[in-house]
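Just so you know, we're using numbering that gives the first Met the number 0 here: the sequence shown kicks off at 0 and counts up by one.
Just below is one structure, and these are the notes that go with it.
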Amino acid sequence: MGAGVSLFAVTRWWLVRHAPVDNPGGVIYGRTDLPAVFEDQPALAWLAASLPKDPVYIASPLLRSVETLRQLHRLRPVLCDEDGAGTRGAKNARENIDANAIERVPELAEQDFGDWEGRLWSDIPADQARLFWDDFANAVPPGGESFSQLADRVVTAFNRLNQLHAGRDIVAVLHGGPIRAILAHILALAPGAALAFDIAPLGLTRIDYLDAPENPGWRIDGVNLRRYQG
């Protein structure tokens with residue numbers, strides 16, 4: 000057998016945080032379905048060129064996640080046209096975008112901030128805000144969920160998808176909270192440690208699951224990779 004041939008399945012994840020949202024007022028948004036803005040075309044182009052061919056496409060149900068994935072998909076043929084199709088390939092991809100399966104997974108949505116959604120942090124009573132930030136992982140906004148609760152649902156769905164699509168390339172356009180929860184999970188960190196990860200809009204996080212018979216586990220290839228901002 001030639002060198003470099005894997006004897007076990009490798010599942011490769013491309014975790015992308017959605018594009019920046021249209022939020023000029025700076026309100027709290029988690030489950031609030033704000034649209035994304037796509038002004039940074041160089042960043043989108045770099046990211047699209049970094050993604051694999053023929054992946055499984057996964058998104059949260061929120062508009063900013065789905066639309067970012069669609070934007071990246073539209074750019075793929077233009078940047079990585081290996082069959083010489085050129086403009087024709089790009090045009091066909093744009094026409095067929097809705098035919099490409101996007102698996103929308105509700106469990107991968109952003110944290111629900113409940114009654115705080117749509118409000119400014121400065122409008123949150125000081126005692127409530129202090130309790131929240133003092134125990135970010137476990138504090139529950141009124142009518143919402145804690146980060147630990149988010150992590151539980153995200154990790155359950157993530158493990159299921161990792162088994163379902165074993166050996167595939169998976170492009171998942173998600174949110175900062177779920178990506179942080181996934182990183183904490185594969186590193187066996189407590190949920191509260193997840194805030195240590197900087198996950199920027201259009202940041203790419205690359206992780207692989209190596210299903211080795213005797214020692215399966217995760218490999219991190221990069222966190223929050225972005226086009227150089229010079």
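Virtual Cβ for every residue (Gly too), placed ideally from N, Cα, C.
Round the Cβ separation of residue i and residue j to the nearest angstrom and send it over; I've been treating them as touching at under 8 Å.
i, j, result
"Val26", "Leu149", "In fact, because the Cβ distance is near 19 Å, the residues do not count as touching under 8 Å."
"Val172", "Val20", "Not confirmed; about 13 Å, so no contact."
"Phe37", "Gln70", "6 Å"
"Ala35", "His17", "6 Å"
Nearest CA to the CA of residue i: which residue from the options?
i, options, result
"His164", "Leu6, Gly216 and Arg11", "Arg11"
"Gly221", "Ser49, Tyr56, Val55 and Val154", "Ser49"
"Asp126", "Gly113, Gly117, Pro140 and Glu116", "Pro140"
"Ser64", "Asp39, Pro54 and Pro105", "Pro105"
"Val9", "Ala195, Asp168, Tyr56 and His174", "Asp168"
"Gly143", "Asp114, Asp151, Ala171 and Val15", "Asp114"
"Val55", "Leu43, Trp13, Asn22 and Asp21", "Trp13"
"Asn22", "Thr67, Asn161 and Leu33", "Leu33"
"Tyr28", "Ala192, Glu213, Gly176 and Phe7", "Gly176"
I need the boundaries of the alpha helix (DSSP H) containing residue i, first residue and last residue.
i, result
"Gly231", "Here the chain covers residues 0 to 229 and nothing more, so residue 231 does not appear."
"Trp45", "Gln40 to Ser49"
"Ala180", "Gly175 to Ile185"
"Leu203", "Not the alpha helix (DSSP H): Leu203 falls in the beta strand (DSSP E), residues Leu203 to Leu209."
"Arg129", "Ala125 to Asp133"
How about residue i and residue j: do their beta carbons lie closer than 8 Å?
i, j, result
"Ala156", "Ser145", "no"
"Val102", "Arg30", "Here residue 102 is Glu; the residue named in the question, Val, does not match the sequence. No, the Cβ-Cβ distance between Glu102 and Arg30 is not below 8 Å."
"Arg225", "Ile206", "no"
"Leu46", "Leu203", "yes"
What would DSSP say about residue i, mapped onto helix, strand or coil?
i, result
"Thr31", "coil"
"Leu61", "coil"
"Val26", "coil"
"Val55", "strand"
"Val153", "helix"
"Ala192", "helix"
"Glu102", "strand"
"Asp168", "strand"
"Asn161", "helix"
"Gly117", "coil"
Does the ligand ATP have a heavy atom nearer than 7 Å to the CB of residue i?
i, result
"Pro141", "Summarising the ligand content, the structure contains no ligands, and the ligand ATP is consequently not present."
Between which two residues does the beta strand (DSSP E) holding residue i run?
i, result
"Trp12", "Val9 to Arg16"
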